[in-house]
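Inspection log for the structure reproduced underneath, given as structure tokens.
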Amino acid sequence: DSTSKYRYSGVQINPWFLFRLGNSNIFAGPQIDINYDHLTEPGKFLVDEPSYKEAGGTVNGYNNFNSGLGFLLTYDSRDVPANAYRGMYLDFRGMMYAKFIGSDQTFYRLEIDYRQYKSLGKRRVLAWTAQTKNVFGDVPLTQYALTGTPFDLRGYYMGQYRDKSSHVVMAEYRQMLNTDRSTWLKRMLNHIGFVAWTGCGFMGPTPGKIEGVLPNYGVGLRIEVQPRMNVRLDLGKNTVNNQMLFYFNMTEAF
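With our numbering applied, the sequence shown corresponds to residues -19 to 234, in that order.
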């Protein structure tokens, strides 16, 4: 086996609570994260990786238990969170994982998620986002920041690229077909839409040091199953490895 593949199993309990501050669009609250990660059947390249050995990994695998406490602070003025046409979303999340609350290692996580939506006409939207995920301290192998999920750089395998800092910027155009609904066919077409996006990810060992650039673009089909709720079919391009991935989901990517 000359790969870095492994078999993963784990469990996570991650409740969080948001409370609205007065009549504003600001929400705040605590969160708890308890998770256990177990890696088995590691490939030869992974076993020989110095960082894997330093973290305590062996030929038999690797395991880690983490427990943390944190906070959330969110501003949300979106008209419909699942499929916004206008408004802004700004989310700050901080977590502390520490040995004194049961974690195997002490480390910290900070995430910022900014999203903006601008209506360009009837059921036509330009959406853009900037996101950053960062971990600091004695970070377990399984808790590094990841790039490549169904909700950011579609086209990259989730976990294919990971480091202590991950940043993503994306812009996406979304449009539903606006027919006059005078015939059965036009009524059906009125439930169909499309999207096109482009973006880029940046990875590195610290927030200010970039060692990897991950360009991305793609197109998607939307099928409206109820007002402002779409089935999402996306085809994303990974330009680094020259691969394409297909995604099926509900709600928009961001």
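For each residue, glycine too, the CB sits at the ideal point set by N, CA and C.
These numbers were taken from a predicted model, which means no experiment stands behind them.
Check	Outcome
Integer Cβ distance of G48 from S83, believed to fall under 8 Å	6 Å
Same chain only: Cβ atoms within 7 Å of M138, ignoring 5 sequence neighbours per side	L126, G128, T129
Whole-angstrom distance between Y141 and W177, CA atom to CA atom	20 Å
Same chain only: Cβ atoms within 7 Å of Y97, ignoring 5 sequence neighbours per side	R58, A64, Y65, R66, G67, V105, A107
Buried versus exposed call for S162 [16 or more other C-beta atoms within 10 Å across all chains shown]	exposed
Length of the line joining the Cα atoms of R208 and R95	18 Å
Helix, strand or coil at T122 according to DSSP, with G and I counted as helix	helix
Boundaries (first-last residue) of the beta strand (DSSP E) holding R167	Segment 164 to 169 is the alpha helix (DSSP H) holding R167; no beta strand (DSSP E) there.
As assigned by DSSP and simplified to three states, the class of E21	coil
Identity of the residue in N221, D71, Y32, M230 nearest L213 by Cα	M230
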